[in-house]
Every structure is written in structure tokens, then in C-alpha cells.
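J.: With my numbering, letter number 80 in the sequence shown gets 82, and the count goes up by one each step, no holes.
Backbone N, C-alpha and C fix where the C-beta goes; we use that ideal spot for every residue, glycine too.
These numbers were taken from a predicted model, which means no experiment stands behind them.
Shown below is the structure under consideration.
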Amino acid sequence: MLTNMLNLPKLKILYMEESEDDYRFLVETTTPSPSYCIKCGTVSNLYKHGKKKQLFYDLPMHAKRVGIYVNRQRYKCRECSETFFENLPDMDVNRSVTNRLISWIQRSSLEKTFTSIAEEIGVDEKTVRNIFNDYVAELEAQTDFRISKWLGSDEVHLLKNYRCVITDVENKSVIDILPKRNKDMVISYLSKLQDIDKIELVAMDMWNPYKSAVNTVIPHAKIVIDKFHVVKLANEALEKIRKANRQNVSVKERRQLMRDRYVLLTRRKDLNDFDDQIKLQVWTDKFPLLGQAYELKEQFFDIYEAESFKEANKLYQNWLSNIPKELMTYFEDLIKSMNNWEEEIFNYFNSPITNAYTESLNRLIKTMNHVGRGYSFEALRAKILFTQGYRKVKNKKKFKEVEVTFGKLLPDQFPIWAQIGYEWVYEEIYGADFSTLTKAMEEGSF
Ligand SMILES: [Zn+2]
């Protein structure tokens with residue numbers, strides 16, 4: 003009956019002790035003595051050479067921690083005089099835990115903090131971390147995300163730090179999250195990628211370390227700055243002007259201006275509500291400079307409606323010459339960025355990033371930020387990348403002429419004598435799908 007309690011049939015329970023938080027078992031194995039020496043291979047020349055009590059942790063039981071002391075038999079070989087312990091097939095002897103506890107820790111480490119797992123089962127936090135790291139290395143080795151021709155790198159503020167999200171722009175999926183966004187880290191990531199020659203384009207925000215990492219590792223790739231990151235600066239300029247005007251109004255008006263700022267930040271063509279149109283009129287009449295800035299913001303957005311690189315360039319030059327001296331300081335950041343990243347920003351007009359990509363990435367980043375709290379960075383990353391259900395998988399068919407072997411045949415491909423070649427289906431995995439991930443996070447099933 004006690005044997006059943008642990009459900010490890012190779013162990014015989016000799017003794018059990020129970021306290022408020024813990025079970026302690028004393029056990030020995032029921033397996034027969036080994037027939038040969040594991041050191042020299044000599045058969046039937048072993049003798050028992052004492053026992054040693056070793057502690058192994060196991061799955062919690064009845065909400066108590068479980069420790070198993072194994073009275074572990076030692077053997078000595080008459081031939082080579084070496085000693086060795088009996089084999090414990092249910093245990094991971096290096097980590098001093100049962101194998102089933104390893105699987106349990108692997109699963110739990112994606113859900114809970116390492117400290118709470120350690121506390122729950124009685125091992126130290128370092129053991130949990132090591133088991134988790136081994137597990138991630140294993141998952142990483144099994145994972146072979148396809149690289150498509152368009153890579154993206156973006157930043158996300160996650161668990162108190164800026165991280166770098168690496169994406170597949172065409173497939174709208176996450177292929178990695180780097181713990182930091184510095185140049186060395188991006189270089190070492192890119193250097194490990196296979197099929198790097200396939201990458202033709204890299205989308206990024208205006209962050210120099212990304213740019214120099216890409217130029218170092220994939221110099222042939224063209225860098226494209228997403229419209230989103232550029233037009234954001236036009237809205238920021240407008241906000242600065244709105245704030246500068248706060249000084250000249252009453253407290254009541256100031257509050258109203260704050261509440262109405264969305265009207266300024268909305269594109270005119272999207273301002274459908276008549277009230278909103280009136281609000282815009284009132285504020286731009288009251289503050290002519292704000293009105294001018296609003297027009298400049300609108301014109302700047304219009305550049306992105308251009309059909310070609312050439313047209314965009316012309317619109318931009320025109321826009322630049324329209325800025326009055328009084329407004330120059332407010333648009334400084336935008337203009338500086340346009341100067342520093344001119345080539346990369348205008349590359350957009352040859353290789354436009356879709357709104358769908360930008361919108362779903364931004365939504366994911368926002369959601370990730372919420373859900374991420376409570377995870378360690380490593381666990382969050384692992385869960386995003388290695389959960390099978392979040393992945394974007396495409397079935398591909400390939401016709402291959404092959405020598406037919408039984409092992410490779412699928413059931414529907416008989417008869418065998420007709421096989422000179424056959425069509426087979428394989429999967430290509432493109433990272434974790436933005437919208438599947440976001441949905442899981444929003445619904446709470448992540
Ligand atoms: Zn031996």
C-alpha cells in the first residue's frame with residue numbers, strides 16, 4: 003500500500019514521515035543487482051559495498067512537498083576495484099529530483115516564478131532555473147523558424163527594460179525577443195541566423211544600434227523605417243505647440259484644450275463628427291500658429307499617400323519649405339530624423355510595410371506589456387516562442403523524386419510499385435502569429 007503511494011514501482015517504501023508541509027519517505031530499490039561492472043565490463047564479479055542515503059525531490063502530494071531518501075546501494079568490482087552506485091531510472095541524479103518532477107518544473111516554469119516553484123517543492127531556486135534553462139535549450143534546438151525575406155526589429159518595454167522583438171514582417175509573426183536592444187546583442191542574434199542571404203529587407207524604428215547591427219551582419223539588406231515611427235513625430239510636434247499655448251489661456255480653457263487634443267491629432271479626413279470639426283475650427287482660430295501647425299501635420303501625413311519614391315521626396319521638400327520660422331523649433335526632431343534617416347525613411351515608398359502589420363504588432367506589444375507582469379523575461383519569451391498553438395504554420399507540398407523506403411511512406415501512397423517519386427507535405431513554421439498571441443493574451447488563455 004505504501005508502495006502505491008509514490009507510484010514508483012521500482013521503489014519500496016521503508017518508512018514515511020509527515021509534517022504540516024512535508025512528506026519524507028525512506029526507500030530502497032527493488033531492482034536486482036547489476037550483473038556486470040559499469041566501469042570495466044567484467045561480468046559477475048561485484049559485491050555490495052555499503053549504502054548511502056541520498057535525497058531526491060518529487061512532485062508535491064496533497065499540497066505537501068515530497069522528499070524521497072533513497073538508501074542507495076553501492077557496488078565494488080573485484081576485477082578493477084572501482085565502486086559505483088546502483089542505477090536509479092526514475093531519478094535525475096545530477097539534479098537530485100525525480101524525472102517526473104523535471105517535467106512538472108518544465109511546465110510550471112512557464113506559468114509561475116522560479117521562486118514560487120522552488121518553495122512549492124522544496125528545491126532551491128537555482129535548480130529550478132537550471133532545469134528551465136535546459137528545457138529552453140532543448141526547445142530551441144527543436145525549433146527551426148523559417149526566415150522570410152523581410153525581417154523586422156522593434157522595441158517593447160517589457161518587465162522594466164527595453165527589449166528587441168524580432169519579427170517576420172510578411173507573415174506577421176514573432177521569431178524572437180532579445181533581452182536587450184543593444185548592438186552587440188542584435189549582432190550576435192543575426193549572426194546565428196541561417197539563410198541570412200535570403201533577407202532582403204529589414205524594418206525597424208529609428209534606433210542606431212539596430213541599423214549598425216544590420217549593416218554589420220547583413221550589409222546587402224535594405225533598411226525600411228515604418229511610416230508609423232515617422233508620423234508619430236509629426237503628432238509630437240503638434241503636441242508641443244499645444245502645450246506651449248497652454249500658458250495663454252484660462253484654467254477652464256486649458257482643460258478644454260487638453261480634452262480636445264484628440265481632434266488635433268486625428269486626421270482631417272477621419273474627423274466625421276460635426277462637433278469635432280467645430281472644435282478644430284475653434285482652437286485653430288484662437289491660436290493661428292496651432293492652426294498652421296495642424297496644417298503642417300496634415301501635409302506631412304499626406305506625404306505617405308504618395309505613390310512613388312520620387313513623388314514622396316517632392317512632397318517632403320515642399321513641406322519643408324512651408325514651415326514658418328516660428329514653428330521650426332517644434333518640428334526640429336522630425337526634421338532631424340528625416341535628415342539622419344532619409345534613405346531608410348524613403349525606402350518605405352519602394353517597400354511599404356502594410357498597416358495590418360503595424361497595427362497588429364502594436365496591439366501585440368501593448369497586450370504583451372500587460373500580460374507580461376508576473377513572468378520572468380525568459381519564461382515569457384519561451385512561452386511566446388515555443389507554445390505550439392501560437393505558431394504560424396504553413397503546409398507546403400513538394401514533389402520529389404526519391405528512392406522509396408518503407409519508413410518514409412505515408413499510408414495513402416501505396417501501391418509501392420508505382421512509386422518513382424511522390425508528393426509529400428511538410429510544414430514550415432514562421433514564428434508566433436501576432437493575432438493568435440494577442441487573442442490568447444486578451445482572452446486570458448495565454
Ligand atoms: Zn570493474
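Going by the CB atoms, is the gap between residue 398 and residue 428 shorter than 8 Å?
T.: Yes, these two residues count as a Cβ contact at 8 Å.
J.: Closer than 7 Å: is that where the CB of residue 84 sits relative to any heavy atom of ligand 1?
T.: Because some heavy atom of ligand 1 lies under 7 Å away, the Cβ of residue 84 counts as near it: yes.
J.: May I have the straight-line CA-CA distance separating residue 300 from residue 127, to the nearest angstrom?
T.: 55 Å
J.: Is the number of C-beta pairs between the stretch 294-309 and the stretch 249-264 that are closer than 8 Å three or more?
T.: no
J.: Is the distance from the Cβ of residue 220 to the Cβ of residue 180 below 8 Å?
T.: No Cβ-Cβ contact shorter than 8 Å links residue 220 with residue 180.
J.: Residue 372 by DSSP, collapsed to three states: which one?
T.: helix
J.: Rounded to whole angstroms, what is the Cα-Cα separation between residue 200 and residue 349?
T.: The C-alpha of residue 200 lies about 18 Å from the C-alpha of residue 349.
J.: When DSSP labels each residue in this structure, what does residue 222 get in the three-state scheme?
T.: coil
J.: Could you check what DSSP says for residue 256 in three-state terms: helix, strand or coil?
T.: helix
J.: Between the C-alpha atoms of residue 112 and residue 283, what's the straight-line distance to the nearest angstrom?
T.: Each residue's alpha carbon lies about 53 Å from the other.
J.: With a threshold of 7 Å, establish whether the CB of residue 44 neighbours any heavy atom of ligand 1.
T.: yes
J.: Measuring straight from C-alpha to C-alpha, what distance separates residue 168 and residue 388?
T.: 15 Å
J.: How about residue 185 and residue 165: are their beta carbons less than 8 Å apart?
T.: no
J.: Which runs of the alpha helix (DSSP H), 4 residues or longer, sit entirely within the stretch 54-121?
T.: 101-110
J.: May I ask you to check if the CB of residue 81 is nearer than 7 Å to at least one heavy atom of ligand 1?
T.: Ligand 1 has a heavy atom closer than 7 Å to the beta-carbon of residue 81.
J.: Apart from the five residues on each side of it in sequence, which residues of its chain come closer than 7 Å, Cβ to Cβ, to residue 347?
T.: Within the same chain, residue 347 has close Cβ partners 227, 232, 340.
J.: Locate the alpha helix (DSSP H) running through residue 347, then write down its first and last residues.
T.: 344-349
J.: Whose C-beta lies closer than 7 Å to the C-beta of residue 225 among residues of the same chain, with five residues either side of it excluded?
T.: 204, 206, 213, 216, 346, 349
J.: Where does residue 272 fall in DSSP's three states?
T.: helix
J.: From residue 274 to residue 281, what does the alpha carbon distance come to, in whole angstroms?
T.: 12 Å
J.: Going by beta carbon distance, what residues of the same chain come within less than 8 Å of residue 67, once the five residues before and after it are set aside?
T.: 23, 24, 25, 59, 122, 123, 124
J.: In its own chain, which residues sit with a C-beta less than 7 Å from the C-beta of residue 40, not counting the 5 before and 5 after it?
T.: 86
J.: Kindly list the residues whose CB is nearer than 6 Å to the CB of residue 418, restricted to its own chain and excluding five residues on each side of it in sequence; keep chain order.
T.: Model confidence at residue 418 stands at a pLDDT of 49, short of 50, so the residue's coordinates are unreliable; what they give is reported in the following sentence. Around residue 418: no qualifying Cβ.
J.: Measure how close the beta-carbons of residue 8 and residue 156 come, nearest whole angstrom, since I'm counting them as under 8 Å.
T.: Not quite, the Cβ-Cβ distance comes to about 49 Å (not below 8 Å), so this is no contact.
J.: Please classify residue 383: is it buried, with 16 or more other beta-carbons within 10 angstroms of its beta-carbon, or exposed?
T.: buried
J.: Leaving out the 5 sequence neighbours to the left and right, which residues in its chain are closer than 6 Å to residue 148 when beta-carbon positions are compared?
T.: 430, 432
J.: Assign residue 434 to one of two classes, buried (16 or more other C-beta atoms within 10 Å of its C-beta) or exposed (fewer than that).
T.: buried
J.: What distance in whole Å lies between the Cβ atoms of residue 75 and residue 53, which are believed to be in contact at a cut-off of 8 Å?
T.: 6 Å
J.: CA-CA distance, residue 342 and residue 441?
T.: 37 Å
J.: I believe residue 133 touches residue 108 by the beta-carbon criterion, under 8 Å. Please report the beta-carbon distance rounded to the nearest angstrom.
T.: 7 Å
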